[in-house]
Each structure stands twice: as structure tokens, then as C-alpha cells.
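Note that the protein sequences, when read in sequence, are chains P and G.
Numbered per the numbering used here, the first sequence spans residues 22 to 278.
Numbered per the numbering used here, the second sequence spans residues 12 to 234.
A virtual CB, placed ideally from N, CA and C, is assigned to each residue, including glycine.
Following: one structure in C-alpha cells, then a few remarks.
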Amino acid sequence: MQDQDFILQTRGLSVYYDTKKAVTDVDLDVARNRITAIIGPSGCGKSTLLRCFNRMNDLIPSARVEGQVLFDGLDLYGHDVDPTEIRYEIGMVFQRPNPFPKTIYDNVAFGPRINGFQGNLAELVERSLVRAALWDEVKDRLNASALSLSGGQQQRLCIARALAVEPRVILMDEPCSALDPIATLAIEELMRELSEDYSIVIVTHNMQQAARVSHYTAFLMVEEARVGFLVEFGESRQIFTNPEDERTEAYITGRFG
Amino acid sequence: MVRADFDRSLEELEAELIGLGEMVEKAIVKSMDALARRDLALAYEVVAEDDQIDEKRFELEEKCINLIATQQPLAVDLRTLLAVLHIAVELERMGDYAEGIGKICMIIGEDESVETPQQLPQMARMGVAMLQRSLKSLMDRDTDLADEVWDSDDEVDALYDAVCHQIFLDMGQNPKTIEAATHFLWVAHDLERIADRATNIAERVIFVVTGRIGRYKPPRELN
């Protein structure tokens with residue numbers, strides 16, 4: 022792959038919480054308009070790594086980042102970079118659906134309003150809900166509370182909310198772990214559709230989900246001496262049928278972790 | 012040990028596959044004995060016992076499907092289960108060739124006037140040895156041993172060509188033997204196919220160990 026196919030790249034990325042290392046020297050390339058999964062055992066630093074991509078770690082006072090995260094070549098941790106701006110370009114969907122206690126409409130309109138969006142807001146809200154595969158289910162009750170939706174619908178609402186600010190990258194931190202299997206499949210289907218226009222990075226504990234949904238997979242590990250280092254990165258079909266590293270093999274076949 | 016239960020199931024499955032291989036091996040040996048001795052009762056046994064081989068194959072298939080559905084295997088586990096599925100089919104088909112030889116024995120009957128071509132027992136011995144070697148290479152995950160399965164395949168092919176040539180010559184010289192000779196052609200064909208299927212099993216062993224898919228030819232040493 023050529024360099025320009027990557028939307029996000031980390032170079033020698035390490036993250037510390039106080040003096041404790043959580044991610045060690047990671048070089049990772051995230052392909053544009055593809056889904057990249059990050060897998061690994063608990064405590065291997067995958068969520069920390071994910072949060073580096075839109076500087077969410079800035080919100081944790083003890084967190085310190087070393088190395089580079091390049092977003093289309095721009096150093097995300099450069100002096101003149103405004104993390105808030107970055108989060109419009111690189112949105113995030115969390116483990117538990119976290120809609121605001123507002124109407125469905127207001128949830129999706131929230132980001133654009135803050136941004137001072139000047140266009141047709143109703144149209145933008147509709148487009149975002151359509152893209153998040155939720156429109157048909159909510160179009161007749163846009164003024165109902167977001168909290169009246171089911172868990173799966175709430176998660177799709179959060180995706181619509183992220184899409185409304187027209188990001189280029191969507192980060193997902195275990196987006197289905199609080200959802201039932203059907204809602205999970207709906208989100209996965211949605212991810213595949215969205216990957217035509219967005220680059221997606223997903224952290225998941227669910228190996229089958231990573232195998233089903235992602236184009237590329239990164240396996241992070243934790244050892245006594247080292248935390249959060251990249252063991253193997255490659256095409257998902259390769260990683261899940263014939264990984265190169267025996268530690269990857271042991272993890273994905275459930276022999277450790 | 013994580014997944015001890017699954018590991019045990021995989022071990023049992025492979026042991027059963029080897030068991031199926033032994034059933035097939037016996038069927039081949041028995042069919043050739045029946046042919047050598049013109050023993051109709053023995054030939055009938057081979058034909059009758061093929062049902063057990065077929066059943067075992069479906070039993071293995073069902074177990075594989077169960078494990079795939081319930082354990083969601085990945086990587087080497089997935090490759091192993093897919094290989095067992097394929098190899099079970101190969102073995103079942105080898106059993107069919109032994110059954111075919113049994114049926115030919117029954118057609119030839121007790122007539123010893125036409126001699127069995129001398130290459131046939133040798134082809135059978137080599138085929139059986141290839142089968143054993145291919146299954147041993149699976150058990151030991153030994154790709155070098157799997158490669159060796161192909162060594163004999165060329166010899167079996169050469170024997171097949173030789174036996175066909177001889178049979179055609181005999182047919183020309185003595186047209187009365189044409190019917191019996193045609194039957195021996197079928198036996199030779201069945202034996203040649205048995206050897207081929209042993210190489211298919213070896214190909215699956217390469218797949219289990221390396222993940223490589225597709226037609227495989229082992230690297231030959233230059234000499």
C-alpha cells in the first residue's frame with residue numbers, strides 16, 4: 022500500500038499514565054475507508070491507543086503521549102492543533118450508548134449547532150439518521166426522548182450524532198458489547214456500509230466480530246516486561262486464518278488471554 | 012488450560028479420522044486379497060463393509076460441523092477442522108475404490124484362467140503405504156513426511172502406464188481375454204486413484220501446517 026492510502030499513522034507511539042506505561046512504541050497504519058480492528062487481552066492498551074487518535078487521552082490529567090500520530094500527514098499532537106477541532110474530524114462511539122437526555126432530533130443536531138452550522142439542519146439530521154440506518158424507525162417521533170429508544174437504536178443514534186458533524190474517521194470502542202446479537206449484527210452491517218465513506222477503527226473483545234467486520238486487524242499484547250505493544254498487524258482474513266506470530270495464534274484460538 | 016474441552020474434542024476427532032483411515036486401508040488390502048485368491052466371499056465382505064466407511068465419514072462430518080458451529084474456531088483450529096472434513100471425504104472415496112475392486116472380483120468370479128497383472132499388487136502396496144504416510148504426516152504435522160507422499164505417486168503412475176500398456180498388448184494378442192482384461196484395467200485405475208487421493212490428503216496436511224491453499228507440488232531435491 023502507498024502512504025497516501027493511510028488516513029492515520031502512529032510512529033513510535035507510547036502512552037503513560039503517570040509513570041506507568043500503557044502503550045509501547047506502536048507503529049500502526051490505518052487505511053482510508055477501511056475498517057481496522059484492534060484486538061488484544063484486557064489491559065493491553067487498545068482503548069488507550071484508540072483514544073490517541075482523537076486526543077481523548079488529553080482529558081485524563083495523568084496521561085502523557087510520546088511519539089507521533091499523523092492524521093493525513095498532520096501531527097495530531099502538534100502545538101497548533103486544537104483537540105476540539107480534531108474531534109469533529111475524528112468522531113467516537115463508546116461502549117455504552119450515551120445519548121443526551123434530549124429529543125432524538127436534538128441529539129443529532131447537537132454537534133452541528135455547537136459548530137454554528139448554517140445550512141439546512143433538518144436535512145442534515147435526516148441524512149445522518151438515514152446513514153446510521155435509524156431514520157425509518159424514528160422519523161415519526163423525532164421529538165421523543167432519545168432515552169425511549171432501545172439499546173441498539175441508542176447506539177445507532179450515537180453513530181448518527183457522530184456522523185452529523187461530518188467526520189472523516191469514526192473510532193468505536195467496543196460499540197456492541199452492551200447490545201444483543203441482533204442489534205450487534207445491525208451495527209456491524211452499518212459499519213460495513215459506512216466504511217465506503219469513512220475510515221473506521223474499532224476496539225473489540227469479540228474475535229468473531231473483528232473477523233466478520235474488519236479489513237485489517239492489529240493485535241496488541243501485554244507481557245510482564247512490556248505493555249501495549251503491537252504483535253501483529255495485517256489483513257484480517259490472514260490474521261484469522263493463518264496468523265504469522267504464534268502469540269496471535271494462541272490469542273485468537275482462545276489459548277490465552 | 013483454556014479450551015481444554017475443545018482441545019479434547021479436536022484430539023478425539025483426529026483419532027477417529029485415523030480410525031477411518033485404518034478401515035479404508037483394511038478394505039484396500041482385503042479387496043486385493045480377494046482378487047489374488049479369487050475369493051468371492053471376501054470380495055462380498057469388502058463391498059458390504061463400505062457402508063460402515065460411508066457412515067463414519069458422515070459421522071465425522073457432523074462432528075466437524077458441530078465444532079465449527081459451537082466453538083467458532085479460528086486460525087489453526089479452523090484449518091484443522093476444514094482439513095478433517097476434506098480428508099474424511101478423500102478417505103471415503105478411497106473406500107469406494109476398494110469397494111469397486113471388490114465388485115470387479117465378484118464379476119471375475121472364480122475364473123483363474125486370466126492371470127492378474129503383476130503390477131497390481133505392487134500398486135496396491137504402494138497406495139497403502141502412501142495412505143499410511145499421509146495420515147502419519149497429519150498426526151505429526153510433518154510437512155517433510157507429507158512431501159514424501161508424492162515420491163511414490165510418480166512410481167504408481169509409471170506402474171499404471173505399464174500395466175495399461177501390457178493389458179492392451181494382451182488384448183491384441185488374445186482377444187478372448189478382452190473382457191477379463193477390461194476388468195483389470197478398472198482395478199488399475201482404482202489403484203491409481205487411491206494413490207492420487209493420498210497426495211490430496213498430504214496437500215491438506217500442508218494446508219493445516221502452513222495455511223497454503225491450492226495445488227501443491229513438493230520441492231524436489233536435485234540429484
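Distance, P:Ser216 Cα to G:Met34 Cα
52 angstroms
Could you pull the start and end residues of the beta strand (DSSP E) that P:Lys160 belongs to?
Looking at the DSSP string, P:Lys160 is not in any beta strand (DSSP E), and its letter there is neither H nor E.
Check whether the region 180-198 of chain G and the region 65-73 of chain G are in contact - that is, three or more C-beta pairs closer than 8 angstroms.
no
Nearest to G:Ala140 (by Cα), restricted to the options G:Ala191, G:Val87, G:Ile205, G:Ile98
Looking from the CA of G:Ala140, the closest CA among G:Ala191, G:Val87, G:Ile205, G:Ile98 belongs to G:Ile205.
Looking at the secondary structure, which residues open and close the alpha helix (DSSP H) in which G:Arg49 lies?
Where G:Arg49 is concerned, there is no enclosing alpha helix (DSSP H), given that its DSSP letter is neither H nor E.
Who are the neighbours of G:Ala86 on chain P, taking C-beta pairs under 7 angstroms?
Phe261, Thr262, Asn263, Pro264, Glu270, Ile273, Thr274
For a cutoff of 8 angstroms on Cβ pairs, would you count P:Gln230 as touching chain G?
no
Cβ distance (whole Å) where P:Pro104 is taken to contact P:Asp127 below 8 angstroms:
Their Cβ separation, rounded to whole angstroms, is 24 angstroms, which puts P:Pro104 and P:Asp127 out of contact at 8 angstroms.
Is G:Cys116 near G:Ser163, with beta carbons less than 8 angstroms apart?
no
Grab me the residues of P:Glu253's own chain with a C-beta within less than 7 angstroms of its C-beta, minus the 5 sequence neighbours each way, in chain order.
Phe240, Ile260, Pro264, Glu265, Asp266, Thr269
Classify P:Ile125 as buried or exposed, calling it buried when 16 or more other Cβ atoms lie within 10 Å of its own Cβ.
buried
Neighbour list for G:Arg152 in chain P, Cβ cutoff strictly below 7 angstroms:
Near G:Arg152 there are no residues of chain P at all, since even the closest Cβ is about 13 angstroms away, more than 7 angstroms.
Taking 8 angstroms as the threshold (C-beta atoms), are P:Gln89 and P:Thr31 in contact?
yes
Just verifying my parser: in three-state terms, what is the DSSP assignment at P:Ile30?
Note that residue 30 of chain P corresponds to Gln in the displayed sequence, not to Ile. Note: P:Gln30 maps to strand in three-state DSSP.
At a Cβ threshold of 8 angstroms, is P:Phe277 touching chain G?
yes
Can you pull the chain P residues whose beta carbon is under 7 angstroms from the beta carbon of G:Leu10, in chain order?
Past the boundaries of the shown model lies residue 10 of chain G; chain G is included only from 12 to 234, so the question cannot be answered.
With a Cβ-Cβ cutoff of 8 angstroms, do P:Val190 and P:Glu110 count as a contact?
yes
When the Cα atoms are used, what is the spatial distance from P:Asp132 to P:Leu97?
In the sequence as presented, Asp is not what sits at residue 132 of chain P; that position holds Gly. Rounded to whole angstroms, P:Gly132 to P:Leu97 spans 21 angstroms at the Cα level.
Comparing the C-beta of G:Arg14 with each C-beta of chain P, is any distance below 8 angstroms?
yes
Closer than 7 angstroms by beta-carbon distance: list the chain P residues that pair up with G:Gly222, in chain order.
Near G:Gly222 (Cβ distances below 7 angstroms), the residues of chain P are Thr262, Asn263.
DSSP three-state assignment for P:Tyr98, whether helix, strand or coil
coil
Within chain P, partners of G:Gln83 - CB distance below 7 angstroms:
Gln229
List the residues that DSSP assigns as beta-bridge partners of P:Asp218.
None; P:Asp218 has no bridge partner.
Mark P:Lys41 as exposed unless 16 or more other C-beta atoms lie within 10 angstroms of its C-beta, in which case mark it buried.
exposed
Do you know whose CA, among P:Arg55, P:Phe138, P:Tyr272, P:Leu70, lies nearest P:Phe282's CA?
One cannot answer for residue 282 of chain P here, as it falls past the ends of chain P, which runs 22 to 278.
P:Leu149 versus P:Ala181: straight-line alpha-carbon distance, rounded:
The displayed chain sequence assigns Ser, not Leu, to residue 149 of chain P. C-alpha separation (whole angstroms): 5 angstroms.
Can you check whether the C-beta of P:Ala52 is within less than 8 angstroms of a C-beta belonging to chain A?
Of the protein chains in this structure, namely P and G, none is chain A.
Just to confirm the assignment, what range does the beta strand (DSSP E) spanning P:Arg7 have?
Residue 7 of chain P lies beyond the stretch modelled for chain P, which goes from 22 to 278, so this question has no answer here.
Would you mind listing the beta strand (DSSP E) stretches within the region 144-232 of chain G that are 3+ residues and don't spill past its ends, in chain order?
None, since the region 144-232 of chain G contains no complete beta strand (DSSP E) of that length.
Can you look up G:Tyr37 in the DSSP assignment and give me helix, strand or coil?
The sequence shown places Lys at residue 37 of chain G, rather than the Tyr named in the question. Under the three-state reduction of DSSP, G:Lys37 is assigned to helix.
Please state whether DSSP places P:Phe240 in a helix, a strand or coil.
strand
In its own chain, which residues sit with a C-beta less than 8 angstroms from the C-beta of G:His194, not counting the 5 before and 5 after it?
Ile115, Ile118, Ile119
Residue burial classification, G:Asp88 (beta-carbon count within 10 angstroms, cutoff 16):
buried
Here's the rule: buried if 16 or more other CB atoms are within 10 angstroms of the residue's CB, otherwise exposed. What is P:Thr57?
buried
Nearest neighbour of G:Thr221, chosen from G:Asp61, G:Ala45, G:Thr127, G:Thr91 [CA to CA]:
Residue G:Thr91 is the option with its Cα nearest to G:Thr221.
Residues bridged to P:Met193 [DSSP beta-bridge criterion]:
P:Val114, P:Ile223
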